[in-house]
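A.B. asks: Here's a structure for you.
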Amino acid sequence: MTIMRMDSVAPPGRQALARWAPEPVAALAEVESVAAASVDATTLELVRRRVAALLGTTVPAAGDAAAPLSPERAAALDDWRGSPLLDDREQALLTFVEQFVFSVSSMGDEEVAALLEHATAEQVHELANVTWAVDLTTRLDLVAAAVLA
Amino acid sequence: MSGPRIPLPTDSSVPKYGTPIDHAVAAFAASVVRQRALDPATTELVRLRCARVHDCRLCRSVRNVEATDVDEATAAKIDRYETSDLDERAKVALRLTDAMILDPSTADARLRADARRLFSEAEIAELLLDVVKWSQQKASVALRIEPAPRDGLSELRFDDQGRASVGAALA
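Keeping their order, the protein sequence lines are chains A and B.
Taking my numbering, I'd label the letters of the first sequence as residues 1 to 149.
Taking my numbering, I'd label the letters of the second sequence as residues 1001 to 1171.
Laid out in structure tokens, this is it:
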């Protein structure tokens, strides 16, 4: 996730948005912050990387934080289905994320049921919100950079 | 039609399940609604495009009472807006919407030029943030926990704080 930081490292599109709509941009940054705190670091990194790849961009460098994914597991995301480096919970997560990003209206009961094998209903709800936050802020930053920055 | 995939919320006094991210999302959504750069008709076209692409059943069944210029004949043109007789400003607004919700790579130099010719920068900023707000329904649609729509169309209203409510049935 591109966490909005007001200390000059916000993406160019987000900086342009903040000039014209500072209140919603600050509120969105708060959403991202809360979202990032609502799931474990590995889950967040899997969502960030998969969303970025699906939308044709890359994940910003992790900075000084410990990398939540090993280089081998990160590389496995390029061809993750059936990879022995990603467990059943992670594969269910990636399946959900892909469907969410491409066509949420076509999400099936089975994708959510697979998540519920590894998480509570509340955790799945949180995960849907996190996926939305990563998905839409990634899209926002890409489009705002192109048309507004 | 699929039913809820997790238990539905039970406390109507809090946003959704009342989790910290639910409250943060509600605060963001209200802050977007309070923006006033973009005209209500364009905002409604953007909202309906998001509703139809994401298949939010409730969102599709309501109409913003502030958008008096968007009648049902106009709303019916949204699905095939490129070949419709909607004006260019509406079409560019919907292209920006589609760049956000379908394919960000379509936000190219031509769309930038068209957008900046027909909209102010403040309007573009609000439109893009509108799409984020109107796409929050993706989280509900994924789990099919969006509130069930009433029969027919209903009024959609926002108070001064930006909080939404579904009002009376529309004739």
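Even for Gly, the Cβ is constructed at its ideal location relative to N, Cα and C.
B:Leu-1156 lies in the beta strand (DSSP E); which residues open and close that run?
C.D. replies: 1154-1158
A.B. asks: A:Val-59: beta carbon under 7 Å from a heavy atom of the ligand NAP?
C.D. replies: Among the components modelled here there is no ligand, and therefore nothing to report on the ligand NAP.
A.B. asks: In this structure, does DSSP put B:Ile-1145 in helix, strand or coil?
C.D. replies: coil
A.B. asks: Going straight from the alpha carbon of A:Leu-136 to that of B:Met-1100, what length do you get?
C.D. replies: Roughly 8 Å between the two C-alpha positions.
A.B. asks: Check for me: the alpha helix (DSSP H) holding A:Val-130 runs from which residue to which?
C.D. replies: 121-147 is the extent of the alpha helix (DSSP H) around A:Val-130.
A.B. asks: Could you tell me how far apart the beta carbons of B:Lys-1133 and B:Ala-1029 are, in whole angstroms, since I believe they sit closer than 8 Å?
C.D. replies: 5 Å
A.B. asks: If contacts are defined as beta-carbon pairs under 8 Å, then A:Leu-93 and A:Leu-46 qualify, I think. What distance do you get, rounded to the angstrom?
C.D. replies: Indeed, because the Cβ distance is near 6 Å, the residues count as touching under 8 Å.
A.B. asks: Please tell me whether B:Ala-1164 has its Cβ less than 8 Å away from any Cβ of chain D.
C.D. replies: Included in the structure are the protein chains A and B, with no chain D among them.
A.B. asks: What does the alpha-carbon distance come out to for the pair A:Leu-142 and B:Asp-1103?
C.D. replies: 10 Å
A.B. asks: Excluding the five sequence neighbours on either side, which residues of its own chain have a C-beta within less than 7 Å of the C-beta of B:Val-1141, listed in chain order?
C.D. replies: Sequence-distant partners of B:Val-1141 (beyond 5 residues in either direction) whose C-beta falls short of 7 Å from its own C-beta, in its chain, are His-1054, Asp-1055 and Cys-1056.
A.B. asks: When DSSP labels each residue in this structure, what does B:Gly-1167 get in the three-state scheme?
C.D. replies: B:Gly-1167 falls in the strand class under three-state DSSP.
A.B. asks: Roughly how many angstroms separate the alpha carbons of A:Ala-144 and B:Val-1062, rounded to a whole number?
C.D. replies: 28 Å
A.B. asks: Mind pulling the beta strand (DSSP E) runs of 3 or more residues that sit fully within the region 25-49 of chain A?
C.D. replies: none
A.B. asks: To the nearest angstrom, how far is the alpha carbon of B:Leu-1008 from that of B:Pro-1147?
C.D. replies: 9 Å
A.B. asks: Taking C-beta to C-beta, are A:Leu-148 and B:Ile-1124 nearer than 8 Å?
C.D. replies: yes
A.B. asks: Going residue by residue through the region 1084-1115 of chain B, where are the continuous alpha helix (DSSP H) segments of at least 4 residues, counting only ones entirely within it?
C.D. replies: 1088-1101
A.B. asks: At a Cβ threshold of 8 Å, is B:Ser-1012 touching chain A?
C.D. replies: No, its Cβ sits nowhere closer than 8 Å to a Cβ of chain A.
A.B. asks: CA-CA distance, B:Tyr-1017 and B:Ala-1024?
C.D. replies: 12 Å
A.B. asks: With DSSP as the reference, identify every bridge partner of B:Arg-1063, one or two as the case may be.
C.D. replies: B:Glu-1155
A.B. asks: Determine the direct distance from the alpha carbon of B:Ala-1168 to that of A:Ala-10, and round the result to whole angstroms.
C.D. replies: 42 Å
A.B. asks: Quick one: what does DSSP say A:His-118 is sitting in, helix, strand or coil?
C.D. replies: coil
A.B. asks: Round the Cβ separation of A:Val-130 and A:Ala-35 to the nearest angstrom and send it over; I've been treating them as touching at under 8 Å.
C.D. replies: Indeed they touch by this definition, with Cβ atoms about 5 Å apart.
A.B. asks: Is the Cβ of B:Thr-1019 closer than 8 Å to any Cβ of chain A?
C.D. replies: yes
A.B. asks: Identify whether B:Gly-1003 lies in helix, strand or coil by the three-state DSSP scheme.
C.D. replies: coil
A.B. asks: When you compare only the Cα positions, how much space is there between B:Ala-1076 and A:Ala-67?
C.D. replies: Whole-angstrom Cα-Cα distance: 48 Å.
A.B. asks: Do you know how far the Cα of A:Leu-77 is from the Cα of A:Phe-96?
C.D. replies: Approximately 14 Å, taken between the alpha carbons.
A.B. asks: Taking contact to mean 3 or more Cβ pairs, one atom from each stretch, closer than 8 Å, check whether the region 1114-1123 of chain B and the region 1083-1092 of chain B are in contact.
C.D. replies: Cβ pair count under 8 Å is three or more, so yes.
A.B. asks: Rounded to the nearest angstrom, what separates B:Arg-1034 and A:Arg-81 at their Cα positions?
C.D. replies: Computed Cα separation, rounded: 43 Å.
A.B. asks: Whole angstroms is fine: what's the gap from A:Ser-38's alpha carbon to A:Val-25's?
C.D. replies: 20 Å
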